[in-house]
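Same order as they appear, the protein sequences are chains Z and C.
Just so we're aligned, residue 1 is where the first sequence starts under the working numbering, counting upward by one.
Just so we're aligned, residue 208 is where the second sequence starts under the working numbering, counting upward by one.
Remarks on the structure that follows.
Protein chains: 2
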Amino acid sequence: MYFTSESVEALVEQFSRLPTIGRKTAQRLAAYILKMSRDDVEMLANALIAVKDRVIHCSVCFNVTDEDPCPICKSPKRDQGLVCVVEEPSDAVALERTHGFNGVYHVLGGVISPLDGVGPDDLRIRELVERLRNGTSGDSGSVPIREIILAVNPNVEGDTTAFYISQLLKPFEVTISRLARGIPIGSNLEFADEATLTRALESRVSF
Amino acid sequence: MYFTSESVEALVEQFSRLPTIGRKTAQRLAAYILKMSRDDVEMLANALIAVKDRVIHCSVCFNVTDEDPCPICKSPKRDQGLVCVVEEPSDAVALERTHGFNGVYHVLGGVISPLDGVGPDDLRIRELVERLRNGTSGDSGSVPIREIILAVNPNVEGDTTAFYISQLLKPFEVTISRLARGIPIGSNLEFADEATLTRALESRVSF
Numbered sequence: 001m002y003f004t005s006e007s008v009e010a011l012v013e014q015f016s017r018l019p020t021i022g023r024k025t026a027q028r029l030a031a032y033i034l035k036m037s038r039d040d041v042e043m044l045a046n047a048l049i050a051v052k053d054r055v056i057h058c059s060v061c062f063n064v065t066d067e068d069p070c071p072i073c074k075s076p077k078r079d080q081g082l083v084c085v086v087e088e089p090s091d092a093v094a095l096e097r098t099h100g101f102n103g104v105y106h107v108l109g110g111v112i113s114p115l116d117g118v119g120p121d122d123l124r125i126r127e128l129v130e131r132l133r134n135g136t137s138g139d140s141g142s143v144p145i146r147e148i149i150l151a152v153n154p155n156v157e158g159d160t161t162a163f164y165i166s167q168l169l170k171p172f173e174v175t176i177s178r179l180a181r182g183i184p185i186g187s188n189l190e191f192a193d194e195a196t197l198t199r200a201l202e203s204r205v206s207f
Numbered sequence: 208m209y210f211t212s213e214s215v216e217a218l219v220e221q222f223s224r225l226p227t228i229g230r231k232t233a234q235r236l237a238a239y240i241l242k243m244s245r246d247d248v249e250m251l252a253n254a255l256i257a258v259k260d261r262v263i264h265c266s267v268c269f270n271v272t273d274e275d276p277c278p279i280c281k282s283p284k285r286d287q288g289l290v291c292v293v294e295e296p297s298d299a300v301a302l303e304r305t306h307g308f309n310g311v312y313h314v315l316g317g318v319i320s321p322l323d324g325v326g327p328d329d330l331r332i333r334e335l336v337e338r339l340r341n342g343t344s345g346d347s348g349s350v351p352i353r354e355i356i357l358a359v360n361p362n363v364e365g366d367t368t369a370f371y372i373s374q375l376l377k378p379f380e381v382t383i384s385r386l387a388r389g390i391p392i393g394s395n396l397e398f399a400d401e402a403t404l405t406r407a408l409e410s411r412v413s414f
């Protein structure tokens, strides 16, 4: 024990179970909590519990939401005919940050990964097919889906999942696309890994 | 809003108010909370509230503790005659990590800082003088204090506070010391700042 209070040490222990938070950061956070007002700490504790009490999955896109359907699925400003398939809600967050996507999402809840015992049935793939069959069903009624963007992560599991879905969707009249791969903006050719550089060469576009 | 759930966004907001946690880390933590079991999240929330409900200040050393006096003050293994004066409980944590200090602490609760409106009366300086007058009063009874180590941070406020306390303690028969200053272990002379290097030269010791 380093802090002379068991309660503080218990909090350090809890904090250090979170990702990106090591022992030292956990101690620093606990020291900060000690100085915060009781009201502020209660707000944090309540926010944590609220996430577990209130957050459900949107019945259309399976993203996290407080009310069903989620704000994106029921927004009249969103293009319901363009569906971006992502692994997790945090991937949708990353895409929303670009302010460059005006369609809707479909959250798989993971990727096909036999080593981890995750098969197609553990993901919302059947629901995606169902969605394609019915058209999306946001508040704007039934809109036929024009295009599916497979925005999975660029690794073996992601590629497997994308391939599996693309095969499954072949019978439908829908454009299937995936995110471009290449040199990240602001990076340096010198430091790019071989796989990325090879892909960037192969996928070169005319000037 | 990036997450399609207000509850999740509220949690991101709460997380990002903590030190060392930026917006992106807060989003990552919130995504992790979403995946955690309700029980685990409750344990974290309860640990937060427990810190506010149970933690008090030790009546001897003013460190944080769940029971008065704190484990260090009532430990028979600790040298009650050697008192290390620190600014905050986290400074005591840093010293405990060294496993090299066997005395007890006195937590000031800050430093003298006129710019922030913190004067000597806002700190536990009077209590330190009182403690010296009575000897420490741990479970091991009244032990005379032999030495006071002023382990404040090496900056203007810390130095001011150390000087103030050293003047105040002059009437007492007690050794007053402070932590050595110099080149940190594992660092490089080339990159040491001038103030540190000057101090290391001045405080050079014979080989």
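Each residue gets a CB set at the ideal place from its N, CA and C atoms; glycine is no exception.
Please read all numbers here as calculations on a predicted model, not as lab measurements.
Cβ neighbours of Z:Gly158 in the same chain (closer than 6 Å, five flanking residues each side left out): Val111, Val152
Start and end residues, beta strand (DSSP E) containing Z:Arg199: No beta strand (DSSP E) holds Z:Arg199; the alpha helix (DSSP H) holding it covers 194-202.
Inter-residue CB distance, C:Leu255 and Z:Leu11 (contact presumed, cutoff 8 Å): 6 Å
C:Asp167 at chain Z interface by Cβ criterion, 8 Å: It is not possible to answer for residue 167 of chain C, since the shown part of chain C is limited to 208 through 414.
Span separating the alpha-carbon of C:Ile392 from that of C:Leu357: 21 Å
C-beta neighbour in chain C for Z:Asp66, strict 8 Å: yes
Reference Z:Leu108, options Z:Ser59, Z:Gly81, Z:Ile145, closest by Cα: Z:Ser59
Cβ-based burial, C:Tyr312 [other Cβ within 10 Å; buried from 16]: buried
Buried or exposed by the 16-neighbour rule on C-beta atoms within 10 Å, applied to C:Val293: buried
Partners in chain C for Z:Tyr2, counting only beta-carbon separations shorter than 9 Å: Ala299, Val300, Ala301, Glu303, Arg304
Coil, strand or helix - C:Thr227 by DSSP: coil
Rounded C-alpha distance that separates Z:Asn46 from C:Glu220: 13 Å
Length of the line joining the Cα atoms of C:Ser223 and Z:Thr20: 14 Å
Simplified DSSP state of C:Val267, which is helix, strand or coil: coil
Identity of the residue in C:Asp246, C:Ile355, C:Ala402, C:Ser410 nearest C:Arg385 by Cα: C:Ile355
Member of C:Pro361, C:Gln287, C:Leu408, C:Asp246 whose CA lies at the smallest distance from the CA of C:Arg338: C:Gln287
Contact belief for C:Val271 with C:His264 at Cβ below 8 Å, rounded distance in angstroms: 7 Å
Whole runs of the alpha helix (DSSP H) within the segment 120-196 of chain Z, excluding any shorter than 4 residues: 125-134, 156-168
Short CB-CB distance (under 8 Å) between C:Ser214 and chain Z: yes
Amino acids of chain C, ordered along the chain, whose beta-carbon sits closer than 8 Å to that of Z:Cys58: Thr211
Helix, strand or coil at C:Tyr209 according to DSSP, with G and I counted as helix: coil
Segments assigned beta strand (DSSP E), at least 3 residues, entirely inside the segment 293-324 of chain C: 310-314
Span separating the alpha-carbon of Z:Ser206 from that of Z:Ile33: 56 Å
Per-residue DSSP class, three states only, for Z:Gln80: coil
Buried versus exposed, by CB contacts within 10 Å (16 or more), C:Gly324: exposed
CA-to-CA distance, Z:Glu9 to C:Val262, given in whole angstroms: 11 Å
Beta-carbon proximity of Z:Thr90 to C:Gln374, cut-off 8 Å: The amino acid occupying residue 90 of chain Z in the given sequence is Ser; Thr does not appear at that position. For Z:Ser90 and C:Gln374, no; Cβs fall outside 8 Å.
Span separating the alpha-carbon of C:Ala399 from that of C:Arg331: 34 Å
heavy atom of the ligand PLP below 7 Å from C:Asp260 C-beta: Inclusion of the ligand PLP in the displayed structure is not the case, the ligand content being empty and no account of it being possible.
Members of the segment 220-236 of chain C near chain Z, C-beta cut-off 9 Å: Glu220, Gln221, Phe222, Arg224, Leu225, Pro226, Thr227, Ile228, Thr232, Gln234, Arg235, Leu236
Cα-Cα separation between C:Lys231 and Z:Ala92, rounded to whole angstroms: 14 Å
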